[in-house]
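Enquirer:
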Amino acid sequence: MNYNKKTVKDVEVAGKKVLLRCDFNVPMAKDGSGVITDDKRIRAALPTIQYLLAEGAAVIACSHMGKPKGEVKPELSLKPVAARLSELLGQEVIMAADVVGEDAMAKAAALKAGQVLLLENTRFEKGETKNDPELAKAMASMAEVYVSDAFGAVHRAHASTAGVADYLPAVSGFLIQKELDFIGGALANPKRPLVAILGGSKVSSKIGVINNLLEIADTVIIGGGMAYTFSAAQGGKIGNSLFEADWQDYANEMVAKAAAKGVKLLLPVDTVCGDKFGPDANTLTVEAGQIPDGWEGMDIGPKTVELYCAAVKDAGTVIWNGPMGVFEFPAFAAGTEAVAEALSKTDAITIIGGGDSAAAVQQLGYADKMTHISTGGGASLEFMEGKELPGVACLLDK
Ligand code: ADP
Ligand code: MG
Numbered sequence: 224m225n226y227n228k229k230t231v232k233d234v235e236v237a238g239k240k241v242l243l244r245c246d247f248n249v250p251m252a253k254d255g256s257g258v259i260t261d262d263k264r265i266r267a268a269l270p271t272i273q274y275l276l277a278e279g280a281a282v283i284a285c286s287h288m289g290k291p292k293g294e295v296k297p298e299l300s301l302k303p304v305a306a307r308l309s310e311l312l313g314q315e316v317i318m319a320a321d322v323v324g325e326d327a328m329a330k331a332a333a334l335k336a337g338q339v340l341l342l343e344n345t346r347f348e349k350g351e352t353k354n355d356p357e358l359a360k361a362m363a364s365m366a367e368v369y370v371s372d373a374f375g376a377v378h379r380a381h382a383s384t385a386g387v388a389d390y391l392p393a394v395s396g397f398l399i400q401k402e403l404d405f406i407g408g409a410l411a412n413p414k415r416p417l418v419a420i421l422g423g424s425k426v427s428s429k430i431g432v433i434n435n436l437l438e439i440a441d442t443v444i445i446g447g448g449m450a451y452t453f454s455a456a457q458g459g460k461i462g463n464s465l466f467e468a469d470w471q472d473y474a475n476e477m478v479a480k481a482a483a484k485g486v487k488l489l490l491p492v493d494t495v496c497g498d499k500f501g502p503d504a505n506t507l508t509v510e511a512g513q514i515p516d517g518w519e520g521m522d523i524g525p526k527t528v529e530l531y532c533a534a535v536k537d538a539g540t541v542i543w544n545g546p547m548g549v550f551e552f553p554a555f556a557a558g559t560e561a562v563a564e565a566l567s568k569t570d571a572i573t574i575i576g577g578g579d580s581a582a583a584v585q586q587l588g589y590a591d592k593m594t595h596i597s598t599g600g601g602a603s604l605e606f607m608e609g610k611e612l613p614g615v616a617c618l619l620d621k
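Residue 351 in our numbering sits at position 128 of the sequence shown; the count goes up by one each step and never skips.
1. Would you kindly work out how many angstroms separate the C-alpha atoms of Val231 and Ser597, rounded to a whole number?
2. Report all residues for which the CB-ligand distance to some heavy atom of the ligand MG is below 5 angstroms; order them along the chain.
3. What do you reckon, are the CB atoms on Ala565 and Tyr531 nearer than 9 angstroms?
4. Which partner residues of Tyr369 appear in the DSSP bridge assignment?
5. Between which residues of its own chain and Asp321 is the CB-CB distance below 6 angstroms, once the five residues before and five after are set aside?
6. DSSP puts Cys496 in a beta bridge; with which residues?
7. Return yes when the C-beta of Asn434 is under 8 angstroms from any heavy atom of the ligand ADP, and no when it is not.
8. Which complete alpha helix (DSSP H) runs does the stretch 540–611 hold, if anything under 4 residues is left out?
9. Relative to the C-alpha of Lys349, which residue among His381, Ile265, Asp372 and Val370 is closest?
10. Whose CA, out of Ala583, Ile575 and Met224, lies closest to the CA of Val549?
11. How many whole angstroms separate the CB atoms of Ile461 and Ile444, which I take to be in contact at a CB cut-off of 8 angstroms?
12. Using only the heavy atoms of the ligand ADP, determine whether one of them is closer than 8 angstroms to the beta carbon of Gly599.
13. On a CA-only basis, which of Phe247, Leu403, Ile259 and Glu367 is nearest Arg346? Give me that one, please.
14. Do the stretch 510–519 and the stretch 469–489 meet, that is, are 3 or more Cβ pairs less than 8 angstroms apart?
15. Taking only three categories from DSSP, how would you classify Leu421?
16. Which residue wins for smallest C-alpha separation from Ser300, given the options Ala468, Cys285 and Phe552?
17. Quick one: Cα of Tyr274 to Cα of Val241, how far?
18. Give me, in chain order, the residues of the same chain whose beta-carbon lies closer than 7 angstroms to that of Lys330; leave out the 5 immediate sequence neighbours on both sides.
19. What are the residues that DSSP puts in a beta bridge with Val443?
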């Protein structure tokens, strides 16, 4: 995939109406009060919006929220987002009552340079997730330029993330540009050695990532719950650890692939186990592959930490996806924390992808020490799998 895409700086937007796809899929309080519990994604959209306004564009913002499945669900209205965006921008954000209905069309038509309109939840329209060309055409008819800045949604070919690009000149906003520069740069032309640290819960959810990174990395490090399927496949005893019997052959294939390609593949040499899956579990540290019955592996052990941190030290680029253990429980967070600390100290370019990985780095307090933390969980995974992202592929090449 070509990651070199035109950005908002490569097109003339002065005096034009710009349809801006944002990722305003923010977490809301469960009580239906309309309170946004984390506005990070709204704040992340500000640089592109402010740039467009300063350049003299009129901004027609749109986003999905949740999964209303083509029906109007008042609890998934973007109204609270309009209110918060308005506070952050320090100017009125006009809220449309629909996506491409009479109200949206009238408000878009009347919109002036420097003003912001927010359309309703794009998934209130049945055609959104089907990438219906009629819906895409209707959305495109409101504007003259399309700017995509919803990295969290670029792995989906929906009307507002990809379809509209058939009808308007399409470029990236600053958020997507940053993701393409860092993740795309690390995949296509990394500063070497490239070290990939892969963890998380299951092998089955990371097959594509392991496979693709074995193609391009110099070292691949395996941690987290998926390490136990690798261990079991090699005849290790894994007790009650996370285990996917059907993926043992795949694990062995990956080990063989690494050897054939000359990629250094590191697996845990020791494990911190718990006697149950809970924050108050008793702990026991054992050699890898020697987990006693009744215990489960929940973190990498201290010798593994040393091994993995040493590999990071001289890296040119580190891509990290997937926590090393059940970091949500403090007794099993040491491995993930040590890796985060090692990344914070290396001179390497450090890139964090994956929703839980980003949360772990944030929670442990290392967020501002990383070169780039991806804002898209699923999208960053598909990016690292080497898949074509429809919301990126549809943008104009530079
Ligand atoms: P990401 O969202 O960054 O791609 P994943 O979703 O693959 O990461 O995995 C994150 C989850 O994996 C965390 O909730 C963590 O508790 C869990 N995990 C890590 N190690 C283990 C383990 N040894 N046993 C069970 N769960 C684990
Ligand atoms: Mg996850």
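No residue lacks a Cβ here, since even glycine has one placed at the ideal position from N, Cα and C.
Expert: Put simply:
1. 20 angstroms
2. Gly578 and Asp579
3. yes
4. Leu242 and Ala393
5. Ala327 and Glu343
6. Leu507 and Gly520
7. no
8. 557–568, 578–586 and 600–607
9. His381
10. Ala583
11. At roughly 19 angstroms, the Cβ-Cβ gap does not stay under 8 angstroms, so Ile461 and Ile444 are not in contact.
12. no
13. Phe247
14. no
15. strand
16. Cys285
17. 12 angstroms
18. Ile317, Ala319 and Leu340
19. Ala419 and Leu488
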